[in-house]
Every structure is written in C-alpha cells, then in structure tokens.
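Notes follow once the structure below has been shown.
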DNA sequence: CCATTACTTGCATAATTGTGCAAATATGCT
DNA sequence: AGCATATTTGCACAATTATGCAAGTAATGG
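Protein chains in written order, with the numbering used here: chain A, 12 to 123; chain B, 12 to 123.
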C-alpha cells in the first residue's frame, strides 16, 4: 500500500469543500446550459418567455429550470410587473469555476 | 422587447460549446467529488479498494463511479496485475474549468 | 370587476440514477 | 489446475428528474 493514512487530509477536505456538487447538478442539464449561454450573451435581463424561445420545451419547464439555476446561485431574478426578469450572475460563476481549478492545483502541489 | 434576434449569436454558441453538461453530470454526485478529492491528494494512483475506504458505499458502486469519471475524462486508469489503478487528470480538469470561466467572461464582454 | 398577460405549481409519466448483493471475469500464486 | 484476490457486471429497487398539460397565482389595463 502506498498510503497507510485512510483519514482525509486537510487538502482533500479543502478540495471537497470547493467542488460543489449542487452547482454541478444545476449545470448538468443541456437545456439549462442553453439558458445560461443565452443569458450570458444578453446585456439586459430576460423574461421566462424570452428564454423559452431559445430552448425547445414548454415554458413551464423553462420556469422550473430557471428556479433550479437560481437556487444554485447561477441566476438572479426580480419581478417587474407581470414579468419576472432573470439574469446570469456571470462574475460569480466564473469566479467559482476558477476557485475550483485553483483548489485542484493547490491540492496537487501539496501532494507532490 | 429588448432583443429582437431570437437566433443564438456566435458567442452563445461558443459558450454552449465550452460548458460541457456531461462533465458537470460526472461531477454532480457527492461520492464522485469525494473520489476526485481523494485522488487529488495522492501522489500515486489508487486502486478501487483504496478508494472504497474513503466513501461509505460498496466497492461495486465505487467501481461504477470510477467508470463514470473515466468516461468524462476526469480520471485515467490502467490495469496492473489484479489491480486497476486510477488517477486524476488534474491538469485537464483545472484547465477545462478555467476555459469555461474564460468563455463566460468573453461572452459577457462581447455582449456589453 | 373582468379579461388578458406572465409566470408558477400540481399531477401524471417515462426515463435515469445510485445502491447493494450476488455472480461473473481477470489476474496472480502455489 | 485450483484457489485467492481484485474488479466489473447483472439484476432488482427505491428515489430522483425532466417533461407536458392543466389549473392556479400575480399583476396590469380597460
């Protein structure tokens, strides 16, 4: 055996903390990726109806996908009269992905 | 309406291409994140049995999780006698995550 | 108020997923 | 060859997921 220590070291814990399966779960659906990509290309927020045009499913399904993305922190939303406006928290998402990449490399360097 | 163009622009397409739902799917399970974190902290490859010690499920389940991660390109494997050695493709994973972050920001800058 | 627009939610359903146990496969050792 | 070790695979099952349709809620405007 190469490693007799079966307890996770602090580097493992740090990485496990940085890698958020809930975020990955939110992003693991092609329709939701489509929504994220659509929102990323827009300067202004979009309504559920706007977004429904981009993916070939019923708008009720889009509404549900938006909720999932919002709960994962990928999107934000606000009501504006009858409409609900959604937008991408692009900075947050990009930063989170980079933090994960950093955590992986830090862990590798500590291991080596 | 703020955007009369319903066709996806090239920035949307580029982002949708960079964001890989199949990779997110591989990483959306807590046990698989645990496996990734465990492998990241090791200098040498680990066997299925080694990895089974770290997560509280049957080794047959671990074997399946390893297969999923391997097919997503997160891990590599080689047989060594009776054992099968798995290791994390850490550079690939870190790079892919950063590429996604870049794609998001490029898309945002082009939209603005 | 009532009709219209915009969105969310309940219900049903088909498909997928994670899991354990047992059997099968692969390899090494004597 | 026969047995032990290491991993994968088949099967069953419970839980979750994505989806459409229909009904419900929220807000606006006549």
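Idealized CB from N, CA, C, for every residue including glycine.
Would you kindly report the start and end of the unbroken alpha helix (DSSP H) that includes residue i?
i	result
residue 96 of chain A	It is not in any alpha helix (DSSP H) - residue 96 of chain A instead sits in the beta strand (DSSP E) that spans 94–99.
residue 48 of chain A	41–51
On the DSSP letters alone, give me the boundaries of the beta strand (DSSP E) that residue i sits inside.
i	result
residue 31 of chain A	Per DSSP, residue 31 of chain A belongs to no beta strand (DSSP E) and is neither H nor E.
Nearest chain A C-beta to residue i closer than 8 Å, yes or no?
i	result
residue 78 of chain B	no
residue 70 of chain B	no
residue 14 of chain B	Low local confidence applies: a pLDDT of 42 at residue 14 of chain B is under 50, so the model's placement there is unreliable, with the coordinate-based value given in what follows. So yes, residue 14 of chain B belongs to the interface.
residue 45 of chain B	yes
residue 119 of chain B	yes
residue 81 of chain B	no
residue 54 of chain B	yes
residue 30 of chain B	yes
residue 104 of chain B	yes
How is residue i classed by DSSP in three states: helix, strand or coil?
i	result
residue 86 of chain A	strand
residue 14 of chain B	Summary for residue 14 of chain B: the model assigns pLDDT 42, below 50, so the residue's position carries little reliability; its value from the coordinates is reported in the next sentence. Coil.
residue 64 of chain B	coil
residue 102 of chain B	helix
residue 113 of chain B	helix
residue 37 of chain A	helix
residue 123 of chain B	coil
Can you list, in chain order, the residues of its chain whose CB lies under 6 Å from that of residue i, leaving out five sequence neighbours each side?
i	result
residue 88 of chain A	81, 95 and 97
residue 66 of chain A	42 and 45
residue 111 of chain B	29 and 30
residue 113 of chain A	none
Run through the DSSP bridge pairs and tell me what residue i is partnered with.
i	result
residue 58 of chain B	B:96
residue 91 of chain A	A:94
Does the CB of residue i have a neighbour CB from chain B at under 8 Å?
i	result
residue 95 of chain A	no
residue 62 of chain A	no
residue 109 of chain A	yes
residue 66 of chain A	no
residue 91 of chain A	no
residue 40 of chain A	yes
residue 51 of chain A	yes
residue 116 of chain A	yes
residue 26 of chain A	yes
residue 100 of chain A	no
residue 88 of chain A	no
Which same chain residues end up closer than 8 Å to residue i when comparing Cβ atoms and leaving out the 5 residues on each side of it in sequence?
i	result
residue 58 of chain B	94, 95, 96 and 97
residue 118 of chain A	22, 23, 25 and 26
residue 70 of chain B	59, 60 and 63
residue 13 of chain B	The predicted position of residue 13 of chain B is uncertain, since its pLDDT is 39 and thus under 50; a value taken from the coordinates is nonetheless stated next. None.
residue 72 of chain A	42
residue 100 of chain B	84, 85, 86 and 87
residue 34 of chain B	83, 84, 85 and 107
residue 51 of chain B	99 and 101
residue 122 of chain B	22
In its own chain, which residues sit with a C-beta less than 7 Å from the C-beta of residue i, not counting the 5 before and 5 after it?
i	result
residue 115 of chain A	26
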